[in-house]
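J.: Sharing a structure below in structure tokens format, with a few things to ask.
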Amino acid sequence: MKSQLIGFLMSLCISFSLALYFHSGEREEKCVIEDVPSDTLVTGNYKVQKWDMHKQDFLDSAPGLGMFVTVTTPTAEVILSKLYGPTATFSFTSYLSGEHVICLQSNSTRLVAFAGSKLRIHLDIRVGEHFLDEAVIQAKDKVNKVNVRIEHLLEQIHHISKEQNYEREREEKFRKTSEQTNRNILWWAVVQTLILVSIGIWQIKSLRDFFIAKKLV
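Encoded structure:
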């Protein structure tokens, strides 16, 4: 019981997020894979910096630059395809459990105008997080503030429970796959053994018939 409580508290401390940056060139599509349970909100924030040849550095200013954001489900269905600006937030809700592919690609007709056509994309993906609007919270009285924060905490606990159920499903699927693989290996070993025994018996019989034919026995 104690270990389960510790595991649950550790889960509360985990931030279901993916923060990274990568470089991209003209017409180059970059994709990340996010494994999420069904009925889960996924929010992404990105910022694009362009390379300045004179300053030899990446700058935040990228006027006219846009990014195509495409999200594909595990069944290869596109649930989001939209053109955003150089800095934007996108979100979608998964209706299937599994690996969702999130791809970003610059609008190349604009990118041609940039010297070097070199970009750095900062991407932050958060799974199952619903952010509190601090401005709204500050406008409420203390009781309402507590209620809002409790509702947010309950929502986070619900998401953690959903993540744990999804992990159990994946573990169960992996266990069944492992058991099936072990059974296949066992049957293959039995078949190999039967083949070897059959070949051995056939060789012994052939040698016996040969010796009898030659009247050696």
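Here the sequence shown stands for residues -19 to -1, 1 to 198, numbered as in mature numbering (1 follows the signal peptide of the UniProt record, and there is no 0). Where is the CB? At the ideal position from N, CA and C, for every residue including glycine. Please read all numbers here as calculations on a predicted model, not as lab measurements.
1. Counting C-beta neighbours from all protein chains within 10 Å, is the total for Lys186 16 or more, i.e. buried, or is it exposed?
2. Determine the DSSP secondary structure at Glu136, reduced to helix, strand or coil.
3. Which residues does DSSP pair with Asn26 in a beta bridge?
4. Taking 8 Å as the threshold, find out whether the region 101 to 111 comes into contact with the region 1 to 12 through three or more Cβ pairs.
5. Just mark Ile182 as buried or exposed, buried being the case when its beta carbon has 16 or more other beta carbons within 10 Å.
6. Under 8 Å, with one C-beta from each stretch per pair, do the region 9 to 21 and the region 73 to 80 reach the 3-pair mark?
7. Starting from Ser87, trace the beta strand (DSSP E) both ways and give me its first and last residue.
8. State the beta-bridge partners of Glu153 as determined by DSSP.
9. Confirm, please, whether the CB-CB distance from Gly25 to Thr70 is below 8 Å.
10. Excluding the five sequence neighbours on either side, which residues of its own chain have a C-beta within less than 6 Å of the C-beta of Lys143, listed in chain order?
T.: Once the coordinates are examined:
1. As a first step, residue 186 is located in the sequence shown; it is residue number 205 there, counting from the start. Exposed is the label assigned to Lys186, since fewer than 16 other Cβ atoms lie within 10 Å of its Cβ.
2. Along the sequence shown, one-based indexing puts residue 136 at 155. Looking at Glu136 - three-state DSSP - the assignment turns out to be helix.
3. Taking the sequence shown and counting its residues from 1, one reaches residue 26 at position 45. Per DSSP, Thr70, Asp105.
4. Contact holds between the region 101 to 111 and the region 1 to 12, because three or more Cβ pairs, one in each stretch, are under 8 Å apart.
5. If you number the sequence shown from 1, residue 182 lands on position 201. Counting Cβ neighbours within 10 Å, Ile182 comes out exposed, since fewer than 16 surround it.
6. With a cut-off of 8 Å, the region 73 to 80 and the region 9 to 21 count as touching, because enough Cβ pairs lie within range.
7. Counted from its first residue, the sequence shown places residue 87 at position 106. Note, Ser87: beta strand (DSSP E), 79 to 87.
8. Here residue 153 refers to the residue found at position 172 of the sequence shown. Glu153 pairs with nothing; no bridge assigned.
9. The residue you call residue 70 lines up with position 89 of the sequence shown. The residue you call residue 25 lines up with position 44 of the sequence shown. For Thr70 and Gly25, yes; Cβs fall inside 8 Å.
10. Sequence index remark: in the sequence shown, residue 143 carries index 162 (1-based). Closer than 6 Å at Cβ, skipping near neighbours: Pro18.
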